[in-house]
Structure formats: structure tokens, C-alpha cells
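To keep things clear, I will list the structure first and then write my remarks on it.
Numbering (this note's numbering), first residue to last: 135 to 747.
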């Protein structure tokens, strides 16, 4: 290692959620998903735009020291070839797709990088689970920690337990393809009529409506789980080894019905299936966490991989008290692999030491995407033909918005750097009063254009968390589910599936607490805490709302409509504002009221079929 500052670009691509991330020594300078720029949700392509954004954060003339890809292509090719040999003569279409991905896309990575970067830069590759592990450990607040990575599949690994100490990461145990908790959860996502690699959030949200009556069927037939959390899938029930379909007829026969058609009515059966696979997932994750504690003897745990976005399971592990503290990578899925790859090279290959942190993590609130100045905002407003007000004084601006929220208005907030990861954390957020009894249905149907039963998260001032939730811990990235406190809960009739059907809209409309818009049907909530150290507009707005109403909780959901990525630019935000029932849009220090917009603009509606999400 030399004393010269190192600059490393990490890239993830060609599976889902392509992304890029830039490091300056141990500092995360920038990170963003390609979907935000391309406007294609879960964009899997080469992340040209995300890379260009990251490179724009370099000082002029500063060269890159390395580019890192988040997958070892030799080992991935080994898996693909072995899978094809095992499946032959079946699986020809699967083989064709895999060969195309490997040789037409992935093995051309170095050439594509050279085209974008415009210079000859060393290109490295790290193993997929190492990238995930690094993305969780190195930005965490811990000097030493147990590491748990759980996803669909990397090269071969689907589950890894490791340990991080200083600059080093060591994998101690792993479970290999085809035995995968991520693919198991995806199978039930597909079977219940949702989109794989996207609809898993829906399955998790649907689970509280059902009873886990299929747990024994799953445990006795589909997955064999040992006491240490290791498991094996019964491949009799899966199609992904030989076809492009994740399940097969044996799976359908086991549950005595075919797959639910997407967008059709949800019945008690789907709710019970969701509850059952969620329970199984929590059981496996709990046993893996216990095993990670046993073999590492560490007091802290970090989590990554797509399954680490299962915030219900994360909350269960936290409540069990296995570890003194837990940190989850906000971009735990494949997007985070770009960051993890860069971190692996920076700390492992180049030996740059991790920066010390007095408090908090090194993720910078995951606000690592682009921000836009007044000129860019004004150009977008002029282009669309909107009318806005400049409210330069922050206190006055926050008071205006807090007053609107207290009247039941729904606000789009566009402020500061865009978030990295699937959660909006107050930079690209839709906000509402958590006390609105019809808030959940209103935002889902009139603004998000999605199923009315899907839950929303509370954004809460950290110092008041314990007043509203059975949770007194940091949760800045919305990755832990906790019960709403009995002190603010209300009694409502139990869910009743009459003849296998239930009016989900009516069920979620029942006010289950004093903050009904963020209280799910089981009395839980997916928390985002906002600490005193947070100097964002979101924190100041929460404080203003609390001062105005006495309530320190707002609804926070991502600023987008169904089937589209979270907004990135001021133009994206304006289009979403005009095509939904949002009442108010805040673009930094510009405020736009829907009622003040030209009539032809405020009466716009998208008038299109929404992509499955």
C-alpha cells in the first residue's frame, strides 16, 4: 500500500438491480442503481448511467485505481455448465439464456468499462457473497462482527456465515446452490401470483392476513432444516434446474391447486401460504443467526443478501437478543454488491484501513445518489409549465409543509441526495400524517396505484420511538419490523375469512392504533428512526410536524407509482406529482401546490396499465 489516495469503482450488473458505487479510500463517495436513471424498475443491464454519475463525483483529472465486478465469472460458468450437464437433455432454453448472459454480457464487462471510463483501468472480480459480506461489514459501525449473507444464488453460495475483523473478512460456512432460502421464498412469491425479484415485499406484507397452516407441509416435504440452520431443498418440487419456471407440477400438486393468476383476487389460501413461508424463513434465519453467534463468538451481527431485506425476520432476530447489536446493509440486494466489491478491493487488495467512526455507521444515511440545484429544478418546472413558490427560509418552509400534513394533505418530498437501496428515507419520499384513518387506502389507491392492503412505514423521531413502538433502537434504514405499543393500540375485530375471501381494503381501513396509517393488520410496523444527528429536511420537517400536532410520526413511502423506480430528477418528481393525487410537492426550497397549477396540468392522469411489481 502507498499513501496516495485510492479511487475504486464497484459495479453490479446482469442479474437484477444493476448499480455502481465509488470509493475514495474508505469514504463512500457515491452509489446509485441504474433503474433510477433508465426508469426501468430493477434494471439488470450494464449500468452506464450509474457509472457516469459516480465518475462525475471524481475531481477533474482524478484517475481510477481499479474497477471491481461483483461476481467471479469462472465459478459462475462452472455452476452453469454443471447445471446443464445434470439437467440434460432438459433445460436447453435455460442453457441458452445462461450462455447469453455469460458470454454476451458478463465476459464483455472489461470492454464495456473501458468504453465508459475512457481509460485503461485494472479490472478485478470478487465473489458474489464476499461482495455482499463486505457491503455489510465495512460500512457498519462495528470493528468486529459476525456476518450472515442469505440470497438466491451467487456463483455457488446461497448462504454464508463469516466474520469481519478490521480489514479482513473470512467466510466460515456456506450452503450451496441449488439449496437456497432466497429461491424458496421466490418460489412462493411466484406461486402466490407475484413477480419474482420484486413481489417478495408483497408476500411479506400479505403474511399477517393469514395463518401459518402450511408450515408442516413445507418443513416435511420441501425443505429439511437442521438445528444449526443448514438446510436442503427437495428438488422434486422445483423447476429452476431444468426450466425457466421456478416451481413445477409437483409443487402445485402438493398444495392442491395451480398458481394464482397475477392480479386476481387474493384468497385465504394465498394469505396462509404467505404466513407459512414467512414463518419458515424466520425459523431458518433465526437458526442461522444463532449458529453465526456460536461459531464467531461475536457480539455484533451484520446482514446482507436479498433475504436480509426481510425486515420481519430481522426484527425477530433483534428481539431474540442473540446479538448485542445488528446492522443491515440498506442496499442488501444485488445493488449493494457494487459497493461491496469496491470495499473488498479497497480494504483487502489495496490495504486501505477502515476509517474510524465515533458514532453511527459509514453509510452516510445511504444518501449517496445525485442531488439537484436550484437551476436544475427551475428548468424542470419551466419545462413542464408548473407554478412554484420559493420559500428560502427552512423554518418557514417546514412550517408550511407541516401545516399541510396536519390538514391531511399528501406531500412529495424531494430533498438532498437520492437514497441508495430500495427504501425512500426522506430524500425521495411521499409523506402523510400517520394519524389518518384512511391514509393507507388513500395513498395506495390514489397515489401509488397499487393494492390497497400494502402497508406503509412510519418515520419517527428517534427520541420518541419507545412511546409508540416496542422497540428502542436505531432503525435508520427501515429494515426492522416491531410491534406498535399497546399504549397506542386500539381493539378491533379479528380478521375473518368468510368462505375463503376477505375484503382486504375494509380490513386495513380499521384503525388499529392512534397511528393507523402505519399500523399493519397484525399490529406491527416497519420502522424508520430519524436521530438528532440527522441534519436533513426530513428530520426538520418531522420536528415541525411534531411541534404542530404533538405527533412525532409520519407515513413515509417511496416517491413513485406502481411499476416505476423511485424518482431521481426534478422532472421525474414533477411528472409523478401531476399524474397522482399528491397535494403538495417540495423540490428543495421550491413548493408547488396542486391547486395552483394550470388546470390542464393538474387534471392529468397517467391512464395506463401499470407494470406488475
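Where is the CB? At the ideal position from N, CA and C, for every residue including glycine.
(Q) Let's see if you can read the secondary structure: which residues bound the alpha helix (DSSP H) around residue 190? (A) 182–190 is the span of the alpha helix (DSSP H), which, as asked, contains residue 190.
Q: Just grab the DSSP bridge partners of residue 328 for me.
A: The partner list for residue 328 (beta bridge, DSSP) is empty, contrary to what the question assumes.
(Q) Using a Cβ-Cβ cutoff of less than 6 Å, which residues in the same chain neighbour residue 284 once the five nearest sequence positions on both sides are dropped? (A) 293, 315, 439, 441
Q: Tell me whether residue 364 sits in a helix, a strand or coil according to DSSP, three-state version.
A: coil
Q: State the DSSP-derived secondary structure class of residue 276, mapped to helix, strand or coil.
A: coil
Q: Specify whether the stretch 560–574 and the stretch 670–683 touch according to this definition: at least 3 beta carbon pairs, one from each stretch, less than 8 Å apart.
A: yes
Q: For residue 586, name the three-state secondary structure that DSSP assigns.
A: coil
Q | Backbone secondary structure at residue 644 - three-state DSSP | A | coil
Q. Of the residues 427, 645, 689, which one's Cα is nearest the Cα of residue 657?
A. 645
Q. Nearest-angstrom Cα distance between residue 192 and residue 155?
A. Between residue 192 and residue 155, the C-alpha separation is close to 12 Å.
Q. Taking the C-alpha atoms as reference points, what is the distance between residue 219 and residue 353?
A. 29 Å
Q) Rounded to a whole number of angstroms, what is the C-alpha to C-alpha distance between residue 609 and residue 426? A) 22 Å
Q. Per DSSP, which one or two residues make a beta bridge with residue 562?
A. BP columns for residue 562 point to 548.
Q: Only counting runs of 4 or more residues, tell me where the alpha helix (DSSP H) segments fall wholly within the stretch 451–532, in order along the chain.
A: 469–478, 508–518
Q) Mind checking if residue 156 is an interface residue toward chain B, Cβ cutoff 9 Å exclusive? A) Absent from the structure: chain B. Only one protein chain is present.
Q: Taking only runs that begin and end inside the stretch 653–694, name each unbroken alpha helix (DSSP H) of 4 or more residues, in chain order.
A: 671–683
Q.
For residue 713 and residue 217, what's the separation of their Cα atoms in angstroms?
A. 46 Å
Q. Per DSSP, which one or two residues make a beta bridge with residue 254?
A. Residue pairing from DSSP leaves residue 254 without any beta-bridge partner.
(Q) Going by DSSP in three states, residue 245 sits in which element: helix, strand or coil? (A) Under the three-state reduction of DSSP output, residue 245 falls in the helix class.
(Q) Please list the terminal residues of the continuous alpha helix (DSSP H) segment that includes residue 194. (A) Note, residue 194: premise wrong, no alpha helix (DSSP H); not H, not E.
Q.
On a Cα-Cα basis, can you pick out the residue from 189, 147, 266, 328 that is closest to residue 242?
A. If we check each option's Cα against that of residue 242, 147 comes out closest.
Q: Could you please give me the residues that DSSP links to residue 591 through a beta bridge?
A: According to DSSP, which records beta bridges pairwise, residue 591 is partnered with 690.
Q) When you compare each of 585, 624, 529 to residue 697 by their alpha carbons, which one comes out closest? A) 585
**Q.** Cα-Cα separation between residue 631 and residue 477, rounded to whole angstroms
**A.** Using only the alpha carbons, I get a separation of about 49 Å.
Q) For residue 747, is the classification buried or exposed, using 16 other Cβ atoms within 10 angstroms of its Cβ as the cut-off for buried? A) buried
Q) Do you know whose CA, among 497, 722, 391, lies nearest residue 276's CA? A) 497
Q: Please name the residue, chosen from 580, 403, 401, that lies closest to residue 695 on a Cα-to-Cα basis.
A: Closest by alpha carbon: 580.
**Q.** Distance between residue 562 and residue 692 (C-alpha atoms, nearest Å)
**A.** Rounded to the nearest angstrom, the two C-alpha atoms are 6 Å apart.
Q.
Just to confirm my understanding: we take residue 506, look at its own chain, exclude 5 residues before and 5 after, and list those with CB closer than 6 Å. What are they?
A. Cβ neighbours of residue 506 within its own chain (closer than 6 Å, five residues either side excluded): 704.
(Q) Measuring straight from C-alpha to C-alpha, what distance separates residue 205 and residue 689? (A) 37 Å
Q) Do three or more CB pairs link the stretch 414–428 to the stretch 388–401 at distances below 8 Å? A) no
(Q) Taking the alpha carbon of residue 643 as the reference point, which residue from 699, 621, 578, 287 has its own alpha carbon closest? (A) 578
Q.
Is it the case that the stretch 719–737 contacts the stretch 508–528, given that we only count it when at least three CB pairs across the two stretches are under 8 Å?
A. yes
Q) Measuring CB to CB, does residue 619 end up less than 9 Å from residue 604? A) yes
Q: Please name the residue or residues paired with residue 370 in a DSSP beta bridge.
A: Beta-bridge pairing links residue 370 to no other residue.
Q: Locate the alpha helix (DSSP H) running through residue 418, then write down its first and last residues.
A: 402–430
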